[in-house]
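**Student:**
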Amino acid sequence: MSDDAKAAKELVETLKDGERGFAEAADKLRDGEHPEWATTLQRFSEQRAGFWREIVDMGHAYGDDVDESGTVAAAVHRGWIALKDALTGDDAEAVLKAALTGEDHAVSEYEDALKMDLSAGFREVVVRQQAAVVAARDEVKALQNAS
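Numbering (the numbering used here), first residue to last: 7 to 153.
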């Protein structure tokens with residue numbers, strides 16, 4: 007398996023997890039004190055969906071099947087979010103902290119991918135997406151600091 011295919015599989019899994027995680031977090035915040043935060047998190051969910059689809063489409067163009075389900079670690083993380091929410095009553099700060107943990111993981115996955123021997127075209131996509139993921143993480147941090 008090429009480095010492109012390996013990196014793509016990991017990134018697609020991470021991005022799908024992020025899509026679901028942000029959507030769940032947005033749902034939890036929608037009726038709270040900060041509905042605008044829900045809008046931001048929903049935007050990130052949609053961004054992640056676009057990112058993983060872009061990678062899957064690129065993989066299909068090269069004959070690679072990179073469309074995988076979410077990682078076990080991220081599934082555990084989502085379970086942790088559910089548990090934490092049950093204990094905190096959907097506290098906005100706890101939801102943002104969990105989202106930030108997920109974002110730190112996503113940034114790490116992109117950093118790992120960029121250490122691999124990626125083709126020029128795929129590297130461009132990864133670099134562009136990584137910049138957006140870092141910006142999203144910073145925006146979640148800003149929301150957390152404002153809470």
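Cβ coordinates follow ideal geometry from the N, Cα and C atoms, glycine included.
Given the structure is predicted, the values throughout are model-derived calculations rather than measurements.
1) Give me the residue from Val101, Ala152, Glu109 and Ala31 with the minimum Cα distance to Ala138.
2) Let's test the definition: count the other Cβ atoms within 10 Å of the Cβ of Arg134 and tell me whether it reaches 16, buried, or not, exposed.
3) At the level of alpha carbons, what is the spacing between Lys34 and Ser153?
4) Please report the straight-line C-alpha distance between Thr45 and Asp10, rounded to a whole angstrom.
5) Using the C-alpha atoms, what's the distance from Trp58 back to Glu42?
6) Of the choices Gly27, Ala126 and Glu117, whose alpha-carbon is the least far from that of Gln136?
7) Which one of Val113, Gly27, Arg36 and Asp63 has the shortest CA to CA distance from Arg143?
8) Should Lys22 and Met122 be called a contact, given that it needs their Cβ atoms to be closer than 9 Å?
9) Taking 9 Å as the cut-off, decide whether the C-beta atoms of Gly27 and Ala104 are in contact.
10) Do Met64 and Ala14 come within 9 Å of each other at the CB atom, strictly closer than that value?
11) Specify, as a first and last residue, the run of the alpha helix (DSSP H) that Ser114 falls within.
12) Put Glu25 into one of helix, strand or coil per three-state DSSP.
13) Going by beta carbon distance, what residues of the same chain come within less than 7 Å of Arg54, once the five residues before and after it are set aside?
14) Roughly how many whole angstroms lie between the Cα atoms of Val140 and Ala32?
15) Do you know whose CA, among His111, Ala67, Lys147 and Val146, lies nearest Gly127's CA?
**Tutor:** The answer reads as follows:
1) Of the listed residues, the one whose Cα sits closest to Ala138 is Glu109.
2) Using a 10 angstroms sphere on the CB of Arg134, the tally of other CB atoms stays under 16, which defines it as exposed.
3) Just so you know, the alpha carbons of Lys34 and Ser153 end up roughly 15 Å apart.
4) Their Cα atoms are separated by approximately 33 Å.
5) Looking at the two C-alpha atoms, the distance is approximately 25 Å.
6) Cα-wise, what sits closest to Gln136 is Glu117.
7) Nearest option by C-alpha distance: Val113.
8) Cβ distance not < 9 Å, so Lys22 and Met122 don't count as in contact.
9) Annotated as proximal: Gly27 and Ala104, with beta-carbon spacing under 9 Å.
10) Yes.
11) Here the alpha helix (DSSP H) through Ser114 covers Ala98 to Leu120.
12) For Glu25, the secondary structure class from DSSP, reduced to helix, strand or coil, is helix.
13) A distance below 7 Å between beta-carbons, with the five flanking residues on each side excluded, links Arg54 to the following residues of its chain, in chain order: Leu21, Gly24, Glu25 and Phe28.
14) A direct Cα-to-Cα measurement between Val140 and Ala32 gives close to 19 Å.
15) Ranking the options by Cα distance to Gly127, first place goes to Ala67.
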